[in-house]
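Going left to right, the sequence shown walks through residues 3 to 398 as my numbering numbers them. Scroll down for the structure; my scribbles are underneath it.
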Amino acid sequence: MSRDNNNSEKPKRPRISTRKNSDDSRASRSVNSSGSKPFKKPFTKDSGRGSEHTGSNSKFEKKPFKRSEGSFEGRDEDKSSKFEKKPYITTRNEEKKSFGNSTPKRGGSARSQDAKARDKYERGSLKYGRRPSSGDDRNEDKARSFVQKRRFNKIEKDVHKDTIRLNKYIANSGICSRREADELITQGLVEVNGKVVTEMGYQVEKTDKVVFDGQSITPEKPVYVLLNKPKGYISTTKDDKARKTVMDLVANASPYRVFPVGRLDRSTTGVILLTNDGHMTKKLTHPSFEAKKIYHVTLDKKLTNEDMKLILEGIRLDEGIATVDQISFIEGKPKNEVGIEIHIGWNRVIRRIFQRLGYEVEALDRVMFAGMTKKNIKRGHWRILTELEVNNLKML
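Printed below as a string of structure tokens:
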């Protein structure tokens, strides 16, 4: 059989060319044979690429785009999961948020929540029936309220300045102390404007007429007299034994009746305050105030260092342990003279401390009391406290 016959019997395989004619490709893109536009493949998730690009080995493989709250697939599911992941509000404090917060609550959108809050803010709170004020308005209200408050306080102070408690009114007159005045009031012995007053804390005005024991009472101006008490005088207003008192020394100091603040023994010398201010007297003599006093002590013999340490540690007396604040020898003086600072107000406490250790006090002079000294005041003389000294006493 010839070669030609063999070739005719075998079917010819069509030759496939990988290269396309440029003219044919342009024609196929423009129109087909029927004159209509060519058929396009449906859009897929792979950005319109055909199946030849969807394989796992393709370099054009598109990975799903990840968002902060999930992938782009299943958007309906993403909305529900967005609210499912949000924790439920358990307290009212967590529920309260400003209207500017864009985070929506469960069951509503952020836009609707913001609109509601903004409308409520613009309308004003219905609870108080007015719109919220701006920053300038609030500052004006604050300034106005501050001014009004100052005016009210000034008026209130002026009102109270014109009145005074009845017991203080009586005590300022010099008749008795405030406590004794309370007893006189409860017993019905005091009249105000012709009526008997038994009420504690009753307020009277300066123009009121107060009568006690048939005599009219007038308040007095507070007077403070500082005396350098000499030896041989007792610190009381009167004495049944007709002994000399400190009142004899200050008889011409004030037209008002004054009382000694605290007591000094007859043989004790030094500074003592006399006043008609009952409140100041109570303040300086009360144990809780602990008014400091400094004494110059002269003993019958030298004080040993061991006994000085015992005094600093405390000496047991009938009332308890008597402690001193400071004790030391006086510079330039013999060892039997010491300075001692104490705040205890027990009767004859310094003399009893040294007697317990076997010493006798020959001389006891108080050189300071509540910050006041006897400087420039001769023995047996007195002077009126200055306004500065009175203010210092009130601030103690």
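C-beta: ideal position from N, C-alpha, C; glycine also.
Tell me the rounded alpha-carbon separation between GLU333 and ASN394.
Along the sequence shown, read from residue 1 onward, the residue named residue 333 stands at position 331. Along the sequence shown, read from residue 1 onward, the residue named residue 394 stands at position 392. Distance between the alpha carbons of GLU333 and ASN394: 29 Å.
Whole angstroms is fine: what's the gap from VAL392's alpha carbon to ASN254's?
Here residue 392 is taken as the residue at index 390 of the sequence shown, counted from 1. Here residue 254 is taken as the residue at index 252 of the sequence shown, counted from 1. Roughly 20 Å separates the two Cα atoms.
If you pair each beta-carbon of the region 229–249 with each one of the region 202–220, do three or more pairs fall below 8 Å?
no
For VAL252, which three-state DSSP category applies?
Here residue 252 refers to the residue found at position 250 when the sequence shown is read from its first residue. The answer is coil: DSSP assigns VAL252 none of H, G, I, E or B.
For TYR235, does the three-state DSSP call read helix, strand or coil?
Residue numbering aside, residue 235 sits at position 233 when the sequence shown is read from its first letter. Three-state result, TYR235: coil.
Do you know offhand how far ILE317's Cα is from TYR361's?
Along the sequence shown, read from residue 1 onward, the residue named residue 317 stands at position 315. Along the sequence shown, read from residue 1 onward, the residue named residue 361 stands at position 359. Computed Cα separation, rounded: 13 Å.
I'd like to know whether the C-beta atoms of GLY269 and LYS303 end up nearer to each other than 8 Å.
In the sequence shown, residue 269 corresponds to position 267, counting from 1. In the sequence shown, residue 303 corresponds to position 301, counting from 1. Looking at the sequence itself, residue 269 is Ser, so the reference to Gly does not match. Going by C-beta atoms, SER269 is not nearer than 8 Å to LYS303.
Consult DSSP for GLU292 and reduce its assignment to one of helix, strand or coil.
Here the question's residue 292 lines up with position 290 in the sequence shown. It is coil, neither helix nor strand.
Have a look at ARG385 and LYS294 and give me their C-alpha separation to the nearest angstrom.
Translated into positions along the sequence shown, residue 385 becomes position 383. Translated into positions along the sequence shown, residue 294 becomes position 292. Counting only the Cα atoms, LYS294 lies some 21 Å from ARG385.
According to DSSP, is LYS396 helix, strand or coil?
In the sequence shown, the residue the question calls residue 396 occupies position 394. Reduced to three states, the DSSP call for LYS396 is helix.
Rounded straight-line distance, which links the Cα of GLY196 to that of ALA418
Given a span of 3 to 398 for the chain in the structure shown, any question on residue 418 remains unanswerable.
Taking all protein chains shown into account, decide if LEU398 is buried (16 or more other Cβ within 10 angstroms of its Cβ) or exposed.
For the purposes of this step, residue 398 is identified with residue 396 of the sequence shown, where counting begins at 1. That one is exposed.
Taking C-beta to C-beta, are ASN278 and ARG259 nearer than 8 Å?
For the purposes of this step, residue 278 is taken as residue 276 along the sequence shown, with counting starting at 1. For the purposes of this step, residue 259 is taken as residue 257 along the sequence shown, with counting starting at 1. Contact flag set, yes.
Have a look at SER290 and TRP348 and give me their C-alpha separation to the nearest angstrom.
Translated into positions along the sequence shown, residue 290 becomes position 288. Translated into positions along the sequence shown, residue 348 becomes position 346. When rounded, the distance between both Cα atoms is 13 Å.
On the DSSP bridge assignment, give the partners of SER330 in chain order.
Taking the first residue of the sequence shown as 1, we reach residue 330 at position 328. As a beta-bridge residue in DSSP terms, SER330 pairs with GLY341.
Where LEU251 and GLY382 are concerned, what is the direct C-alpha to C-alpha distance, given to the nearest angstrom?
In the sequence shown, the residue the question calls residue 251 occupies position 249. In the sequence shown, the residue the question calls residue 382 occupies position 380. Looking at the two C-alpha atoms, the distance is approximately 7 Å.
Could you tell me whether the Cβ atoms of MET370 and VAL273 are closer together than 8 Å?
By one-based count along the sequence shown, residue 370 stands at place 368. By one-based count along the sequence shown, residue 273 stands at place 271. At a Cβ-Cβ threshold of 8 Å, MET370 and VAL273 count as neighbours.
If you run the structure through DSSP and keep just helix, strand and coil, what is HIS383?
Residue 383 sits at position 381 when you count from the first residue of the sequence shown. HIS383: coil per DSSP, three-state reduction.
When you compare the CB positions of LEU319 and ARG350, do they come within less than 8 Å of one another, or not?
Translated into the one-based positions of the sequence shown, residue 319 becomes position 317. Translated into the one-based positions of the sequence shown, residue 350 becomes position 348. No.
Grouping DSSP H, G and I as helix and E and B as strand, with all else coil, what is VAL192?
As a working mapping, residue 192 is identified with position 190 in the sequence shown. In the three-state reduction of the DSSP assignment, VAL192 falls in the strand class.
Boundaries (first-last residue) of the beta strand (DSSP E) holding GLU315:
Against the sequence shown, residue 315 aligns to sequence position 313. If you look at GLU315, you'll find it isn't in any beta strand (DSSP E); it sits in the alpha helix (DSSP H) that goes 307–315.
Could you tell me which residues DSSP puts in a beta bridge with HIS281?
The residue labelled residue 281 in the question sits at position 279 within the sequence shown. Among the bridge pairs identified by DSSP, HIS281 is matched with none.
Taking just the CA atoms, how far does HIS345 sit from ASN307?
As a working mapping, residue 307 is identified with position 305 in the sequence shown. As a working mapping, residue 345 is identified with position 343 in the sequence shown. Taking the Cα positions, ASN307 is about 22 Å away from HIS345.
Quick check on GLU207: does DSSP put it in helix, strand or coil?
Here residue 207 refers to the residue found at position 205 of the sequence shown. In the structure shown, GLU207 sits in a strand (DSSP, three-state: E or B).
Which first and last residues belong to the alpha helix (DSSP H) in which ALA365 is found?
Counting from 1 along the sequence shown, the entry for residue 365 is found at position 363. Counting along the chain, ALA365 falls outside any alpha helix (DSSP H), though it belongs to the beta strand (DSSP E) covering 363–371.
Proximal residues to MET282 (C-beta, below 7 Å), its chain only, five neighbours per side dropped:
Your numbering for residue 282 matches position 280 in the sequence shown. Exclusion of the five residues before and after MET282 leaves LEU395 as the residues of its chain whose Cβ lies within less than 7 Å of its Cβ.
Determine the closest residue to VAL227 out of LEU275, ASN174, MET310 and MET374, with distance taken between C-alpha atoms.
Residue numbering aside, residue 227 sits at position 225 when the sequence shown is read from its first letter. Nearest of LEU275, ASN174, MET310 and MET374 to VAL227, Cα basis: LEU275.
Residue closest to THR165, alpha-carbon to alpha-carbon, out of THR188, PRO221 and ARG181:
Numbered from its first residue, the sequence shown carries residue 165 at position 163. Answer by Cα proximity: PRO221.
List the endpoints of the continuous alpha helix (DSSP H) containing ARG358.
Residue numbering aside, residue 358 sits at position 356 when the sequence shown is read from its first letter. Note, ARG358: alpha helix (DSSP H), 351–358.
Please state if the CB of VAL263 and the CB of THR238 are separated by a distance shorter than 8 Å.
As a first step, residue 238 is located in the sequence shown; it is residue number 236 there, counting from the start. As a first step, residue 263 is located in the sequence shown; it is residue number 261 there, counting from the start. In this structure, VAL263 does not lie closer than 8 Å to THR238 by Cβ.
Going by DSSP, what residue range makes up the beta strand (DSSP E) through ILE219?
Taking the sequence shown and counting its residues from 1, one reaches residue 219 at position 217. Unbroken beta strand (DSSP E) run through ILE219: 217–219.
How long is the line joining the alpha carbons of LEU390 and VAL225, rounded to whole angstroms?
Position 388 of the sequence shown, counted from the start, is the residue given in the question as residue 390. Position 223 of the sequence shown, counted from the start, is the residue given in the question as residue 225. Rounded to whole angstroms, LEU390 to VAL225 spans 14 Å at the Cα level.
Is the beta carbon of TYR404 less than 8 Å from the beta carbon of ILE352?
Any answer about residue 404 is impossible in this case: the structure gives the chain only from 3 up to 398.
Tell me whether ARG268 sits in a helix, a strand or coil according to DSSP, three-state version.
On the sequence shown, position 266 is the one that residue 268 refers to. DSSP places ARG268 outside both helix and strand once states are collapsed to three, so it counts as coil.
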